[in-house]
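**Student:** Chains as they are written, first to last, in my numbering: chain A, 288 to 397; chain B, 16 to 129.
Glycine included, C-beta positions come from ideal geometry on N, C-alpha and C.
Following this message is one structure expressed as structure tokens.
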Amino acid sequence: LAKTTQPISMDSYEGQEVNITCSHNNIATNDYITWYQQFPSQGPRFIIQGYKTKVTNEVASLFIPADRKSSTLSLPRVSLSDTAVYYCLVAPPEDDKIIFGKGTRLHILP
Amino acid sequence: EAQVTQNPRYLITVTGKKLTVTCSQNMNHEYMSWYRQDPGLGLRQIYYSMNVEVTDKGDVPEGYKVSRKEKRNFPLILESPSPNQTSLYFCASSLASTGVETQYFGPGTRLLVL
Chain A
288 LAKTTQPISM DSYEGQEVNI TCSHNNIATN DYITWYQQFP SQGPRFIIQG
338 YKTKVTNEVA SLFIPADRKS STLSLPRVSL SDTAVYYCLV APPEDDKIIF
388 GKGTRLHILP
Chain B
16 EAQVTQNPRY LITVTGKKLT VTCSQNMNHE YMSWYRQDPG LGLRQIYYSM
66 NVEVTDKGDV PEGYKVSRKE KRNFPLILES PSPNQTSLYF CASSLASTGV
116 ETQYFGPGTR LLVL
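Rendered as structure tokens:
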């Protein structure tokens with residue numbers, strides 16, 4: 288499994304765009320990149336998944352450069368309710384064992 | 016409503032008293048998994064199951080057992096709980112037989128072992 292590195296914590300303000308970067312220097316050719324969001328005292332929730340370039344859904348965008356050694360989760364116009372821990376996972380489709388890591392604690396300020 | 020349910024949600028027990036935390040999903044998912052979450056350590060996988068009667072160890076399986084006799088249920092068993100198993104536990108499931116596909120998590124079970 289590719290090891291990932293994320294900032295431990297980030298602060299931002301309501302209405303701002305927030306970008307959280309995940310480094311995965313030893314990503315393998317068939318690895319996918321997945322992001323989860325976890326609110327306090329709740330289970331994680333899938334946000335977005337991608338393989339290359341850019342993926343966008345109603346919640347977020349995921350930017351993956353050509354070398355795929357990093358990825359950036361972009362949250363547009365955050366609100367207080369976006370305060371959560373965000374996890375970056377990197378693994379191939381056939382993988383059974385999942386490593387979440389410690390994630391990035393995002394704190395949105397008014 | 017599609018969901019993963021866990022019971023109990025909160026449990027206080029004493030060292031050595033066997034307990035079972037149940038997990039059930041109604042989405043006909045192949046893959047199910049158990050995680051524990053501790054402050055500063057993030058989410059760590061305990062056991063997972065790719066299908067009925069197929070289970071395997073995650074990162075922290077010591078002190079835990081699981082079984083997958085039916086597709087919808089995946090109970091977590093602590094034969095002889097110890098205080099270091101005090102934690103927040105999450106069950107999850109996903110459609111495919113691997114964990115890389117979107118996982119749906121239960122609400123969590125908070126366990127305190129005295």
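Is K389(A) close to chain B, meaning its C-beta is less than 7 Å from at least one C-beta of that chain?
**Tutor:** Reading the first sequence from its first residue, position 102 is the one you call residue 389(A). K389(A) counts as touching chain B.
**Student:** For F333(A), which residues in chain B fall below 7 Å Cβ to Cβ?
**Tutor:** Counting from 1 along the first sequence, the entry for residue 333(A) is found at position 46. Correct list: T117 and Q118.
**Student:** Which bits of chain A does P122(B) rub up against, with CB to CB less than 9 Å?
**Tutor:** The residue you call residue 122(B) lines up with position 107 of the second sequence. Result: S328, Q329 and G330.
**Student:** Quick one: grab the DSSP three-state call for N99(B).
**Tutor:** The residue you call residue 99(B) lines up with position 84 of the second sequence. If DSSP states are grouped into helix, strand and coil, N99(B) belongs with the helices.
**Student:** What is the residue span of the beta strand (DSSP E) that V365(A) lies within?
**Tutor:** Counting from one through the first sequence, the residue named residue 365(A) turns up at place 78. No beta strand (DSSP E) holds V365(A); DSSP gives it neither H nor E.
**Student:** Near L103(B), what residues of its chain come up, given a Cβ to Cβ distance below 6 Å and the 5 sequence neighbours on each side ignored?
**Tutor:** Counting from 1 along the second sequence, the entry for residue 103(B) is found at position 88. Contacts found: Q52, G123 and R125.
**Student:** Beta carbon of F105(B), beta carbon of F120(B): below 7 Å?
**Tutor:** The residue given as residue 105(B) occupies position 90 in the second sequence. The residue given as residue 120(B) occupies position 105 in the second sequence. Against a cut-off of 7 Å, the Cβ pair of F120(B) and F105(B) comes out as a contact.
**Student:** Consider the Cβ of D383(A): report whether some Cβ of chain B lies at a distance smaller than 7 Å.
**Tutor:** If you number the first sequence from 1, residue 383(A) lands on position 96. Interface residue, yes.
**Student:** Mapping the DSSP letters down to three states, classify M13(B) as helix, strand or coil.
**Tutor:** Outside the displayed span of chain B (16 to 129) sits residue 13(B), for which this structure offers no information.
**Student:** With respect to the beta strand (DSSP E) encompassing K389(A), which residues constitute its N-terminal and C-terminal limits?
**Tutor:** Here residue 389(A) refers to the residue found at position 102 of the first sequence. K389(A) -> no beta strand (DSSP E), and no H or E assigned at all.
**Student:** Could you have a look at N22(B) and say whether DSSP puts it in helix, strand or coil?
**Tutor:** Within the second sequence, the letter at position 7 stands for residue 22(B). In this structure, N22(B) counts as strand in the three-state DSSP scheme.
**Student:** Which residues in chain A have a C-beta closer than 7 Å to the C-beta of M65(B)? List them in chain order.
**Tutor:** Here residue 65(B) refers to the residue found at position 50 of the second sequence. By Cβ distance, chain A contributes D383.
**Student:** Report the rounded CA-to-CA distance for S357(A) versus P331(A), giving the unit in angstroms.
**Tutor:** If you number the first sequence from 1, residue 357(A) lands on position 70. If you number the first sequence from 1, residue 331(A) lands on position 44. Going by the C-alpha atoms only, they are around 22 Å apart.
**Student:** Kindly indicate the opening and closing residues of the beta strand (DSSP E) around G337(A).
**Tutor:** Position 50 of the first sequence, counted from the start, is the residue given in the question as residue 337(A). Start and end: R332 to G337.
**Student:** Restricting to Cα atoms, I'd like to know which of N41(B), T101(B) and V75(B) is closest to Y25(B).
**Tutor:** What you label residue 25(B) is simply residue 10 of the second sequence in a count that begins at 1. Measuring from the Cα of Y25(B), the nearest candidate turns out to be T101(B).
**Student:** Could you give the distance in angstroms between the alpha-carbon of A107(B) and the alpha-carbon of Q303(A)?
**Tutor:** Taking the second sequence and counting its residues from 1, one reaches residue 107(B) at position 92. Taking the first sequence and counting its residues from 1, one reaches residue 303(A) at position 16. If I take the Cα positions, the gap works out to 32 Å.
**Student:** Is Q329(A) helix, strand or coil by DSSP?
**Tutor:** Within the first sequence, the letter at position 42 stands for residue 329(A). Coil at Q329(A), not helix or strand.
**Student:** If you measure beta-carbon to beta-carbon, which residues of the segment 47-63 of chain B are closer than 9 Å to chain A?
**Tutor:** Answer set for the segment 47-63 of chain B: S48, Y50, Q52, G55, L56, G57, L58, R59, Q60 and Y63.
**Student:** Report the partner residues of F105(B) according to the DSSP bridge assignment.
**Tutor:** Numbered from its first residue, the second sequence carries residue 105(B) at position 90. Partner(s): Y50(B).
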